[in-house]
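Residue numbering for the first sequence follows my numbering, starting at 75 and increasing by one per position. We put the CB at the ideal spot given by N, CA and C, even for glycine. Contents: one structure, followed by commentary.
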Amino acid sequence: MDKLLNEKFFNQDTSLVAQELLGKFLVRNINGKEIALIITETEAYDGPNDKASHASKGKTERTKVMFGKPGIFYVYLCYGMHYMLNIVTREKEYPAAVLIRGVVAQNSSIVLNGPGKVTKFLKIDKNLNTQKAEKKSGLWFEDRGMQQGKIQKTPRIGVAYAGPLWASKKLRFMIQNV
DNA sequence: ACGATGATGAAC
DNA sequence: TTCATCATCGTA
C-alpha cells in the first residue's frame, strides 16, 4: 500500500520530518512516466532563528513560501546554476523546510548524491516552487514501507556563514544501506 | 583548488 | 541601480 505523505506528516518538528523522510520515496511524473527514488540524505532548516536558513532574514518575496502551509515545495536557484528542492514543514507562519540532498533508485542503478544532481535528474525547477506535494503537481512523497537503517547525523553543508553555533548543529541526516 | 553563472536582498 | 553573496558541481 503506497501511502502519500500529506500535510499532516509535514506539520511536525522539522528535524523529525527530515529523519522520517529517509527511506521514503520521492516520486516524479515526467510525461506520464513515474520515477520513484529512495531518499537517503536530508537537511533541516528550522525556524526564524536558524541563521543558516533563508527565513532568518524574515519574510521576503523568495522566502515567504517557507512561512506558508506545510507540504509545499520551496525551490530556488543557487550559484546561478543549481535548483534546490525543499519541502516546507511546521504550521503556517513558522518558517521551516527540509532540503532533499540525496536519493537512490531501489536497485541502486541511479545514485544522486547532492541536491543539484537530484533536481537536474528529475527536471525540477522554479515551476514547482510554491506547489503542493501531490500527484497533481507531478512530484510527491510516498511511504512504501521501507525499513530505514541507522541514521547518521552530521553538521549541514555549506553553511559556515551562519556562524559557529548554527553551522555546528547536526541537522543533516543520512542513511547508508539501501 | 577553482570557475561558471544568475537570482536575491541590502545598501546607496 | 549596483554590488556582494551564495543550502553546488564538474574539471583539474
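Looking at the DSSP output, Lys206 bridges to Ile146. Along the segment 92 to 122, the beta strand (DSSP E) occurs as fully enclosed runs of 3 or more residues at 99 to 104, 107 to 120, listed in sequence order.
By the neighbour-count definition (other C-beta atoms within 10 Å, threshold 16), Gln221 is an exposed residue. Residue burial annotation: Leu90 is exposed, with fewer than 16 other C-beta atoms found within 10 angstroms of its C-beta. Cβ neighbours of Thr193 within its own chain (closer than 8 Å, five residues either side excluded): Val149, His156, Tyr157, Met158, Leu159, Asp199. Around His128, the same chain offers Thr137 as residues with beta carbons nearer than 6 Å, after the five sequence neighbours per side are excluded.
Residues of the same chain with a CB within less than 8 Å of the CB of Ser183, apart from the 5 flanking positions on each side, do not exist. Counting other Cβ atoms within 10 Å of its Cβ, Val101 reaches 16 or more and is therefore classed as buried. Annotation: Arg175 to Ile231 spans about 10 Å, alpha carbon to alpha carbon. Contact annotation: Ala179 and Leu111 have beta-carbon atoms nearer than 8 Å. Close CB contacts of Gly142 within its chain, under the 7 Å cut and outside five residues either way in sequence, are with Val162, Lys166 (chain order).
Contact annotation: Asn123 and Gly212 have beta-carbon atoms that are not nearer than 8 Å. Met220 sits in coil when the DSSP states are folded into three classes, being neither helix nor strand. Annotation for Gly176: the continuous beta strand (DSSP E) segment containing it runs 170 to 178. Excluding its 5 nearest sequence neighbours in each direction, Lys133 has C-beta neighbours in its own chain below 7 Å: Phe141, listed in chain order. It is roughly 14 Å from the alpha-carbon of Ala241 to the alpha-carbon of Phe247.
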